[in-house]
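Numbers in the numbering used here are just positions in the sequence shown, counted from 1, shifted up by 32. The structure under discussion appears below in the form of structure tokens.
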Amino acid sequence: MRLYRLVIVLSFLLVSLNVNSQTNEDDINSLSIFSEYVKAKNYDAAYEPWMELRERNPKFNSAIFVYGERILKYKIKNSSDEEKINYINDLGNLWNEKRINFPNKTPLGDVLAKSAQLLYDYMNELNMTKSDVYDKFDNAFITDSETFNNPKNLYTYFKLIVMLYDEQLKSAEELFTKYDEISEKVEREIKNYTNNVNKFLSEDISESEVELSKKDQRKVKSFNSFLKAYDQISKGMEIDLGDRANCANLIPLYEKNYEEKKDDGIWLQRALNRLFNKECVDSELFVKILQQKNMLAPNASTSYYLGIIKSKEGKSAEALEYYNQAIQLENDGYEKAKILFRIATKFRKDGLFSRARLYYAKALKFNPSMGKCYLAIAQMYASSAKNCGSDNFTQRAVYWLASKEALKAGRVDSKLKKSANQSSRNYLAKAPQKSEIFSSGREGETIRVGCWIGRSVKVPKL
Numbered sequence: 033m034r035l036y037r038l039v040i041v042l043s044f045l046l047v048s049l050n051v052n053s054q055t056n057e058d059d060i061n062s063l064s065i066f067s068e069y070v071k072a073k074n075y076d077a078a079y080e081p082w083m084e085l086r087e088r089n090p091k092f093n094s095a096i097f098v099y100g101e102r103i104l105k106y107k108i109k110n111s112s113d114e115e116k117i118n119y120i121n122d123l124g125n126l127w128n129e130k131r132i133n134f135p136n137k138t139p140l141g142d143v144l145a146k147s148a149q150l151l152y153d154y155m156n157e158l159n160m161t162k163s164d165v166y167d168k169f170d171n172a173f174i175t176d177s178e179t180f181n182n183p184k185n186l187y188t189y190f191k192l193i194v195m196l197y198d199e200q201l202k203s204a205e206e207l208f209t210k211y212d213e214i215s216e217k218v219e220r221e222i223k224n225y226t227n228n229v230n231k232f233l234s235e236d237i238s239e240s241e242v243e244l245s246k247k248d249q250r251k252v253k254s255f256n257s258f259l260k261a262y263d264q265i266s267k268g269m270e271i272d273l274g275d276r277a278n279c280a281n282l283i284p285l286y287e288k289n290y291e292e293k294k295d296d297g298i299w300l301q302r303a304l305n306r307l308f309n310k311e312c313v314d315s316e317l318f319v320k321i322l323q324q325k326n327m328l329a330p331n332a333s334t335s336y337y338l339g340i341i342k343s344k345e346g347k348s349a350e351a352l353e354y355y356n357q358a359i360q361l362e363n364d365g366y367e368k369a370k371i372l373f374r375i376a377t378k379f380r381k382d383g384l385f386s387r388a389r390l391y392y393a394k395a396l397k398f399n400p401s402m403g404k405c406y407l408a409i410a411q412m413y414a415s416s417a418k419n420c421g422s423d424n425f426t427q428r429a430v431y432w433l434a435s436k437e438a439l440k441a442g443r444v445d446s447k448l449k450k451s452a453n454q455s456s457r458n459y460l461a462k463a464p465q466k467s468e469i470f471s472s473g474r475e476g477e478t479i480r481v482g483c484w485i486g487r488s489v490k491v492p493k494l
């Protein structure tokens with residue numbers, strides 16, 4: 033009897049193994065068939081075997097969802113009316129299914145944001161309102177802002193609230209708050225990718241870029257691609273916001289809300305930042321908010337803003353004291369570099385070039401890819417040319433220095449490569465030309481540039 037039972041159990045096991053083996057073979061075949069069709073961009077032929085495997089065994093391989101997205105996007109693009117709507121809805125379903133079956137490969141915020149973007153892209157076909165779509169983006173941001181990272185999605189999210197504000201469906205306060213939230217998110221991403229790029233920069237970029245392995249080149253290219261996209265978002269948001277956030281609009285709003293919000297450190301900080309960025313620092317409200325924030329929760333930015341106020345009052349020594357205090361209070365290297373850059377730029381605008389260069393150099397130590405520091409230094413060199421040479425030749429030799437400095441910007445920041453090269457060419461055009469070098473007999477000579485610059489430059493060889 034025991035032997036009979038053992039035979040029955042073994043029989044069932046063998047049948048089960050055969051069935052599983054057959055099923056696994058069918059899944060492999062289906063995956064192979066539709067994968068080849070997708071690679072050949074024959075999406076119509078791929079659709080049926082892909083759908084069969086998707087319905088039969090969605091956990092079999094994540095390629096079901098990677099290739100499935102391509103298939104459905106093709107179907108959406110090449111269909112119309114109800115069929116198109118069905119494919120649009122199914123693409124949203126596919127992303128949700130991927131989240132269920134491969135949660136580790138499918139961040140929630142990313143899925144929700146992509147789904148919201150899909151609705152935005154096909155608002156007319158789906159008969160959705162801007163408010164409906166905005167609410168989807170808002171839910172994604174509130175649910176998981178950490179993985180809501182796609183630059184396009186973030187920009188669409190902001191663009192929608194601007195449109196809703198213009199249609200009087202969102203208040204000014206809601207618009208500015210959302211601007212701050214999305215800007216802070218974008219800034220966090222920029223900081224993250226900037227720090228990643230900085231790991232691959234050489235300390236000496238005076239003559240050429242550091243040589244990287246192909247793998248590292250791909251990494252840096254990817255980081256720079258995201259940085260370029262986030263930079264475009266920041267600029268786009270500023271353009272979209274436009275005069276909606278000028279001093280005439282901001283000051284009454286913040287004055288109205290001040291008493292209610294004066295103990296809210298986040299509100300105070302955001303109000304300060306917005307008023308400063310829109311050049312509203314001469315207003316009494318800016319000073320009042322600054323004093324309140326400094327009393328409630330002093331930090332690096334309040335010290336910097338106090339330095340600005342003292343500088344405007346003509347109290348340079350006190351201003352410098354506050355600037356240095358701001359640097360000491362900031363512990364994060366990336367944020368410290370931003371403060372140093374602001375201080376340097378203030379000195380540059382005041383004509384204090386030597387001090388400005390010192391602070392630009394300090395900023396570069398904390399953020400080596402801050403190429404705009406090199407462009408600023410180059411501009412200061414160029415603007416000082418007439419004052420820093422004993423004759424026409426040595427004065428114009430300063431432009432060689434400016435050209436070299438400008439090129440450094442493009443080496444550390446790919447976004448600036450085009451403008452850096454253009455600036456370099458412009459400076460070189462103002463430097464002594466070959467005929468002048470020949471007639472002067474100074475080929476290869478090292479010229480010491482005086483005044484505040486205090487640098488040496490070598491006359492090019494012919």
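Think of the CB as a built atom: it goes at the ideal place given N, C-alpha and C, for glycine as much as any other residue. Quick caveat, the model's predicted, so the values are computed rather than measured.
| Check | Outcome |
| --- | --- |
| Mark Leu-494 as exposed unless 16 or more other C-beta atoms lie within 10 angstroms of its C-beta, in which case mark it buried. | exposed |
| Exposed or buried, what is Ser-333 when buried is set at 16 or more other beta-carbons lying within 10 Å of its beta-carbon? | buried |
| Excluding the 5 residues flanking Tyr-189 on each side, which residues of the same chain have their C-beta closer than 7 Å to its C-beta? | Phe-169, Phe-173 and Ile-214 |
| Given this structure, state the Cα-to-Cα distance separating Leu-282 from Glu-291, to the nearest angstrom. | 15 Å |
| One question on the structure: do Cys-405 and Ile-485 come within less than 8 Å of each other, judged by their Cβ atoms? | no |
| So, using beta-carbon positions, are Pro-183 and Tyr-262 closer together than 8 Å? | yes |
| Taking all protein chains shown into account, do 16 or more other C-beta atoms lie within 10 angstroms of the C-beta of Asn-125, making it buried, or fewer, making it exposed? | exposed |
| Can you tell me where the beta strand (DSSP E) holding Lys-490 begins and where it ends? | 487-490 |
| Count the other C-beta atoms from every protein chain shown that fall within 10 angstroms of the C-beta of Pro-135, then say buried if there are 16 or more, exposed otherwise. | exposed |
| Please report the distance separating the alpha-carbon of Asn-156 from that of Arg-374. | 45 Å |
| Taking the C-alpha atoms as reference points, what is the distance between Glu-316 and Asn-305? | 15 Å |
| Are Asn-61 and Lys-91 close, meaning C-beta to C-beta below 8 Å? | no |
| Which of the three DSSP states, helix, strand or coil, is assigned to Val-313? | coil |
| Is the segment 431-438 close to the segment 461-479, with three or more CB pairs under 8 Å? | yes |
| Report the rounded CA-to-CA distance for Tyr-211 versus Tyr-392, giving the unit in angstroms. | 29 Å |
| May I ask you to list the residues that DSSP assigns as paired with Val-481? | Arg-487 |
| Can you tell me whether Pro-183 is helix, strand or coil according to DSSP? | helix |
| If we count Cβ pairs, one from each stretch, closer than 8 Å, do we get three or more for the segment 445-455 versus the segment 472-486? | no |
| Looking at the secondary structure, which residues open and close the alpha helix (DSSP H) in which Tyr-166 lies? | 162-176 |
| If you pair each beta-carbon of the segment 353-370 with each one of the segment 334-343, do three or more pairs fall below 8 Å? | yes |
| Of the residues Leu-123, Met-160 and Gln-411, which one's Cα is nearest the Cα of Ile-103? | Leu-123 |
| Using the C-alpha atoms, what's the distance from Arg-387 back to Arg-380? | 8 Å |
| Terminal residues of the continuous alpha helix (DSSP H) containing Met-269? | 246-273 |
| Taking contact to mean at least 3 C-beta pairs separated by less than 8 Å, is the segment 190-208 in contact with the segment 269-281? | yes |
| Quick check on this structure: which residue in Ser-112, Leu-158, Leu-186 and Met-160 has the alpha carbon closest to the alpha carbon of Ala-145? | Leu-186 |
| Between the C-alpha atoms of Leu-559 and Ser-94, what's the straight-line distance to the nearest angstrom? | Given that the chain is displayed from residue 33 to residue 494, the structure contains no residue 559 and the question cannot be resolved. |
| Compute the beta-carbon to beta-carbon distance between Ala-395 and Ala-376, rounded to the nearest angstrom, for a pair I have assumed lies under 8 Å. | 6 Å |
| Please give me, in chain order, every unbroken run of the alpha helix (DSSP H) with length at least 4 that falls completely inside the segment 287-354. | 297-309, 316-328 and 332-344 |
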